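In the numbering used here, the protein residues as written are 898 to 1122.
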Ligand SMILES: [Zn+2]
């Protein structure tokens, strides 16, 4: 059976168990990994990230059950099968190139005009703050993003740093701190139920020696992570 067919059939069948008699589902080429849906009383229409197109049937079924449980107010969270599948090394390995292609504001290079993210990564590793993971892709943005200067896709293992930091005006330790912040998201890993900058995150982030000084710098420049 074709992937789209599996998706449709699975959603229709599981939907029925939850009392939905008209269910539609299709794969959509979203940039980010996500699912969108619309629903009314007994009708629901799902748009599922096509990063799941080659997922085994039990992963699709698990996703579907978690979505209907969410819609009907039970919210079981993502199934174990699904979490295991999307956090397996092969997932980011296979999907990362497509994700990068879809993210148009990335240079897809760690080398900036003035600064090199790979060197920052190495400094963090030398300080013992992180272990270097060769599957992590570091990239600068093309256009300056000043509202948010760092972004991490945990599932795709892609860290993006805004090119506003690619200047000699910014000391290396400030850049290192920004990169470290995003790497902390990777270290904590995929956990849709956790707060983005929760307690565990803050503890980890506080290991950066000049954290307060770096934060001061960012505040002065009105830049935010
Ligand atoms: Zn963050």
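Ideal placement from N, C-alpha and C gives every residue a C-beta, glycine not left out.
Remember, it's a predicted structure, so these values are computed and weren't measured experimentally.
Hey, could you find the ends of the alpha helix (DSSP H) residue 1080 is sitting in?
From DSSP, the alpha helix (DSSP H) with residue 1080 extends over 1069-1085.
Which partner residues does residue 1049 have in the DSSP bridge list?
In DSSP, residue 1049 forms a bridge with 1056.
Beta-carbon proximity check, residue 1052 vs residue 983, cutoff 8 Å:
For residue 1052 and residue 983, yes; Cβs fall inside 8 Å.
Mapping the DSSP letters down to three states, classify residue 926 as helix, strand or coil.
Three-state DSSP puts residue 926 in coil, outside helix and strand.
Does the beta-carbon distance from residue 1039 to residue 1004 come in below 8 Å?
Going by C-beta atoms, residue 1039 is nearer than 8 Å to residue 1004.
Check whether the Cβ atoms of residue 1062 and residue 1049 lie closer than 8 Å to each other.
Going by C-beta atoms, residue 1062 is not nearer than 8 Å to residue 1049.
For ligand 1, is there any heavy atom lying closer than 7 Å to the beta carbon of residue 1130?
The chain is shown only over 898 to 1122; residue 1130 falls outside these bounds and no answer can be derived.
Cβ pair residue 926, residue 904 closer than 8 Å
No; because the gap between Cβ atoms is not below 8 Å, this pair is not in contact.
Residues in the same chain with beta-carbon distance under 7 Å from residue 961, minus the five sequence neighbours each way, listed in chain order, please.
Setting aside the 5 residues that flank it on each side, residue 961 is surrounded in the same chain by 907, 908, 911, each with a C-beta closer than 7 Å to its C-beta; the list follows chain order.
Could you spell out where the beta strand (DSSP E) holding residue 943 opens and where it closes?
Counting along the chain, the beta strand (DSSP E) containing residue 943 begins and ends at 940-946.
With contact counted as at least three CB pairs below 8 Å, one residue from each stretch, are the region 1098-1112 and the region 1070-1084 in contact?
Touching, yes.
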